[in-house]
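Visitor: Be aware that the sequence shown starts at 2, since it is given in the working numbering, and climbs by one per residue.
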Amino acid sequence: MKTRSIMDEQTSAEQKKHILVVDDSKDMRVLMEQLLEKAGYRVVFAEDGQTSLTQAKRYHPDLILMDLSLPDIDGWEAVGHLRKMSEFRTTPIIAVTAHVAPFDEERAMAVGCTAHIGKPFDTRVLLQEVARLLTGRSIVHGT
C-alpha cells in the first residue's frame, strides 16, 4: 500500500538543494548530473560564464560548482560578478578545475570561491564538500 501523497512528493522535491554546475565539457556535465542527482540534489547547468550568471539569477542555486576555464566569461570573472550581486554573496561556490597549482587555489579563493577541488577529482571528496557547504558551515572567501 502506497502511503505517500502527491503533496509529500512535492514537498520532498522542494526540499532538495539546488546546484548550478558550470562546465563547458558535456561529459563533465553528464557526470555531475548523474552523481549529484543520485545523491539527491536538483541540478541545473551552464556551459559558459555568461550563461552561469543568467542561470544563477533564474534558479537561485544553493551551491555552485564552477569550472574556471570557460568560453566567453571565464570562471574567475563569473565568480567575481556573482559575488558583487547581493543574492550570491554567501552562496557557496566550489571551483572544480584543472587549475591545481597552489597559486590557482589562492586565486580562486581571492575572487570569491568557497572551496577548490582539482580535476580529476574523487567523487566522494566532491560529494563530501558539497554536503559540508550545504549544511551552512562554510566560510566565503574574497568578499
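Glycine is no exception: its CB is placed at the ideal position from the N, C-alpha and C atoms.
1) Take lysine 58 as the anchor and find which of Thr136, Met86, Phe122 has the nearest alpha-carbon.
2) Taking its Cβ as the centre, do 16 or more other Cβ atoms sit within 10 Å of arginine 84, making it buried, or is it exposed?
3) Can you list, in chain order, the residues of its chain with a C-beta nearer than 6 Å to that of leucine 69? Leave out the 5 residues immediately preceding and following it.
4) Taking just the CA atoms, how far does arginine 30 sit from aspartate 49?
5) What number of angstroms, rounded off, separates the C-alpha of methionine 33 from the C-alpha of valine 22?
6) Tell me, please, which residues DSSP counts as bridged to valine 96.
7) As a quick exercise: from Gln51, Thr91, Thr115, pick the residue whose alpha carbon is nearest that of proline 72.
8) Grab the span of the alpha helix (DSSP H) containing arginine 125 for me, first residue to last.
Guide: According to the data block:
1) Answer by Cα proximity: Met86.
2) Counting C-beta atoms within 10 angstroms of its own C-beta, arginine 84 has 16 or more neighbours from the protein chains shown and is therefore classed as buried.
3) Excluding sequence neighbours, leucine 69 sits near Gly76, Trp77, Ala96, Thr98, His100.
4) Between aspartate 49 and arginine 30, the alpha-carbon positions lie close to 12 Å from each other.
5) In this structure, the straight-line span from the alpha carbon of methionine 33 to that of valine 22 is close to 7 Å.
6) According to the sequence displayed, residue 96 carries alanine and not valine. Paired residue(s): Met67, His117.
7) Selection Gln51, Thr91, Thr115 evaluated against proline 72 yields Gln51 as nearest (Cα-Cα).
8) Start and end: 124-135.
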